[in-house]
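Peer 1:
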Amino acid sequence: MSRIDEDLDDKGDDRRGGKGARGGGGGGGMNRRKVCRFCAETTTLIDYKNPQLLRSFVTDRGKMVPRRISGSCAKHQRAISVAVRRARMLALLPITVGGE
Numbered sequence: 355m356s357r358i359d360e361d362l363d364d365k366g367d368d369r370r371g372g373k374g375a376r377g378g379g380g381g382g383g384m385n386r387r388k389v390c391r392f393c394a395e396t397t398t399l400i401d402y403k404n405p406q407l408l409r410s411f412v413t414d415r416g417k418m419v420p421r422r423i424s425g426s427c428a429k430h431q432r433a434i435s436v437a438v439r440r441a442r443m444l445a446l447l448p449i450t451v452g453g454e
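If you're matching positions, the sequence shown starts at 355 in my numbering and goes up one per residue.
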């Protein structure tokens with residue numbers, strides 16, 4: 355019995371939880387690309403005076419949501435970033451969540 359076979363359990367998984375000698379993980383599925391909602395809806399404007407809109411791009415901890423999660427394009431993500439910073443300076447959005 356080889357060293358590789360000793361590390362595998364009866365299902366073919368290694369002890370650490372990986373796939374071991376049998377190879378590959380479960381490949382990625384067909385994920386649909388997120389569409390920037392500001393490009394799709396040209397009527398929606400990014401404005402620092404609209405905290406309800408900007409709250410959807412800020413986490414509950416007060417951090418900005420990255421592009422890959424929000425689905426915004428690079429152009430609109432920059433505009434969101436500027437608007438959030440301006441809203442924070444005017445106290446329309448919290449800079450951080452108050453803690454103890």
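Note that beta-carbon positions come from the ideal geometry of N, C-alpha and C, so glycine has one too.
#1: One question on the structure: do Ala-455 and Leu-408 come within less than 7 angstroms of each other, judged by their Cβ atoms?
#2: Hey, how far is the Cα of Pro-420 from the Cα of Thr-450?
#3: Drop a sphere of 10 angstroms on the beta-carbon of Ala-394, count the other beta-carbons inside from all chains shown, and report buried for 16 or more, exposed for fewer.
#4: Sort Val-436, Ser-410 and Tyr-402 by Cα distance to Arg-391 and report the nearest one.
#5: May I have the straight-line CA-CA distance separating Met-418 from Ala-437, to the nearest angstrom?
#6: Considering only the alpha carbon of each residue, which of Thr-413, Arg-386 and Arg-387 lies closest to Pro-448?
#7: Measure the C-alpha to C-alpha separation of Leu-444 and Ile-400 and round it to an integer number of angstroms.
#8: Hey, quick one: how far does the alpha helix (DSSP H) through Arg-442 stretch, first residue to last?
Peer 2: If we stick to the structure as given:
#1: Because residue 455 is not part of the residues shown, which for the chain are 355 to 454, the question remains open.
#2: In the sequence shown, counting from the first residue as 1, residue 420 sits at position 66. In the sequence shown, counting from the first residue as 1, residue 450 sits at position 96. Rounded to the nearest angstrom, the two C-alpha atoms are 17 angstroms apart.
#3: The count along the sequence shown starts at 1 and reaches residue 394 at position 40. Counting Cβ neighbours within 10 Å, Ala-394 comes out exposed, since fewer than 16 surround it.
#4: One-based indexing of the sequence shown puts residue 391 at position 37. Ranking Val-436, Ser-410 and Tyr-402 by Cα distance to Arg-391 puts Ser-410 first.
#5: Within the sequence shown, numbered from 1, the residue matching residue 418 stands at position 64. Within the sequence shown, numbered from 1, the residue matching residue 437 stands at position 83. If you take the alpha carbons of Met-418 and Ala-437, they lie about 11 angstroms apart.
#6: By 1-based counting over the sequence shown, the position of residue 448 is 94. It is Thr-413.
#7: For the purposes of this step, residue 444 is identified with residue 90 of the sequence shown, where counting begins at 1. For the purposes of this step, residue 400 is identified with residue 46 of the sequence shown, where counting begins at 1. Answer to the nearest angstrom: the Cα atoms are 16 angstroms apart.
#8: Walking along the sequence shown from the start, residue 442 turns up at place 88. Per DSSP, Arg-442 belongs to the alpha helix (DSSP H) from 428-443.
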